Every structure is written in structure tokens, then in C-alpha cells.
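Peer 1: Everything in the sequence shown is counted per the numbering used here, starting at 81 for the first residue and increasing by one. Please read through the structure below; I'll follow up with questions.
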Amino acid sequence: LFYQRRWPTKWIGELSGAGQTYRLDDDPREAAGVASEQAPETLRARTAGKLGSGPQQQQLDDESLRALEALGYLE
81 LFYQRRWPTK WIGELSGAGQ TYRLDDDPRE AAGVASEQAP ETLRARTAGK LGSGPQQQQL
141 DDESLRALEA LGYLE
């Protein structure tokens with residue numbers, strides 16, 4: 081998810097899909113958003129070319145794997 085805040089509005093959603101726009105001056109807890117079909121143009125322009133095709137999987141060394149297993153994050 082991405083967000084853009086430009087007073088008094090805030091948009092939250094996916095760059096390639098729908099999101100919600102909130103009026104922070106009237107709704108500071110962001111409880112009543114208005115659906116929007118796409119991300120604001122300024123946010124899409126700022127992120128164009130900076131995002132890859134998705135998260136990259138990283139290989140962890142044995143010590144890190146053991147530490148994550150001990151913490152219960154891995155089986």
C-alpha cells in the first residue's frame with residue numbers, strides 16, 4: 081500500500097488500483113474515506129520507474145535462519 085498526504089487530504093491504496101481518500105480536517109481518524117479508482121497522478125509520477133517488479137526474495141545465512149527459528153518465525 082502507498083499513501084500521499086497533501087493537507088487537507090490523504091489518499092491510501094495501491095498504485096495500480098483503487099484506494100480511499102480522507103479529509104483530515106473533517107475526519108482526523110480516517111474513519112470515513114471516499115473510494116477512488118486510482119492513485120493520485122502526482123504519486124504515480126513520483127514512483128514511476130523507481131519500483132521493481134515486486135519484492136525480491138533474499139537468501140539468509142545459516143546464523144540468521146537459526147535466529148529466526150529460535151524466535152518462532154520459521155519452522
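Each residue gets a CB set at the ideal place from its N, CA and C atoms; glycine is no exception. This structure is a prediction, so every number in the text was calculated from the model and none was measured.
1. Roughly how many angstroms lie between the CA atoms of residue 125 and residue 148, to the nearest whole one?
2. So the candidates are 155, 82, 107; which of them puts its Cα closest to the Cα of residue 88?
3. So the beta strand (DSSP E) residue 86 belongs to, where does it begin and stop?
4. Note the first and the last residue of the continuous alpha helix (DSSP H) segment covering residue 144.
5. Would you be able to state if there are at least three C-beta pairs under 8 Å between the stretch 137-144 and the stretch 111-125?
Peer 2: Let me lay it out:
1. Mapped onto the sequence shown, residue 125 falls at position 45. Mapped onto the sequence shown, residue 148 falls at position 68. Answer to the nearest angstrom: the Cα atoms are 38 Å apart.
2. Taking the first residue of the sequence shown as 1, we reach residue 88 at position 8. Nearest neighbour of residue 88 by Cα position, chosen from 155, 82, 107, turns out to be 107.
3. Taking the first residue of the sequence shown as 1, we reach residue 86 at position 6. From DSSP, the beta strand (DSSP E) with residue 86 extends over 82-86.
4. Within the sequence shown, residue 144 is the residue found at index 64, counting from 1. 142-150 is the extent of the alpha helix (DSSP H) around residue 144.
5. no
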